[in-house]
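The structure appears right after this line, and notes come after that.
Residue numbers (my numbering): 1 to 172.
So this is what it looks like as structure tokens:
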């Protein structure tokens with residue numbers, strides 16, 4: 001990830017990143033091998049990289065609102081094991097809970113921020129986004145989730161190969 005993108009996400013998201021909620025997000029496991037906070041930062045950086053490409057095509061993006069929405073898009077997952085009966089319920093309910101958490105955290109949301117957070121699970125959830133920033137975050141979220149799953153699978157495969165090699169040495 002380009003250093004300028006990471007710098008811009010940190011600058012724009014400074015208020016969010018310094019909160020107790022985001023600190024908690026950095027400790028809660030998400031997608032098996034990452035955290036809600038790390039995933040949200042990755043989504044914000046990926047969304048910003050996509051938006052910069054689109055700006056090169058003369059498509060204007062409100063980067064600040066998009067980044068703030070991306071950083072808050074999964075805050076409703078915090079405490080998931082106490083809040084949601086299972087992953088399916090979490091999948092459908094956490095966007096609304098994330099909107100509520102972001103409103104409280106930021107003292108309100110713009111239409112773009114709310115759209116980004118409320119509709120990032122589309123097409124799993126039925127209502128599509130309304131703003132281009134929300135479509136970008138939705139895409140970035142899927143890209144990051146797939147990337148995290150692949151990294152996890154590669155790490156698991158490497159661990160299995162290491163164990164297999166160790167077992168062969170012991171039996172020799």
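Idealized CB from N, CA, C, for every residue including glycine. None of these values were measured; they are calculated from a predicted model.
{"Item": "Beta bridge counterpart(s) of residue 35 as assigned by DSSP", "Value": "29"}
{"Item": "Where residue 94 falls: helix, strand or coil (DSSP)", "Value": "helix"}
{"Item": "The segment 43-57 touching the segment 100-113, judged by at least three CB pairs closer than 8 Å", "Value": "no"}
{"Item": "Residues of its chain near residue 150, where Cβ-Cβ distance is below 6 Å and the 5 sequence neighbours each way are ignored", "Value": "none"}
{"Item": "At least 3 beta-carbon pairs within less than 8 Å: the segment 3-14 vs the segment 47-54", "Value": "yes"}
{"Item": "Alpha helix (DSSP H) segment containing residue 10, residue limits", "Value": "3-12"}
{"Item": "Contact between the segment 112-123 and the segment 59-77 (3+ Cβ pairs under 8 Å)", "Value": "yes"}
{"Item": "Residue 60 - DSSP class collapsed to helix/strand/coil", "Value": "coil"}
{"Item": "Nonlocal neighbours in the same chain, by C-beta distance under 7 Å from residue 107, ignoring five residues either side", "Value": "none"}
{"Item": "Within 7 Å, strictly: CB atoms of residue 75 and residue 28", "Value": "no"}
{"Item": "Residue 111, DSSP secondary structure in three states", "Value": "helix"}
{"Item": "Segments of 4+ residues assigned as alpha helix (DSSP H) that fall wholly inside the segment 109-144", "Value": "111-118"}
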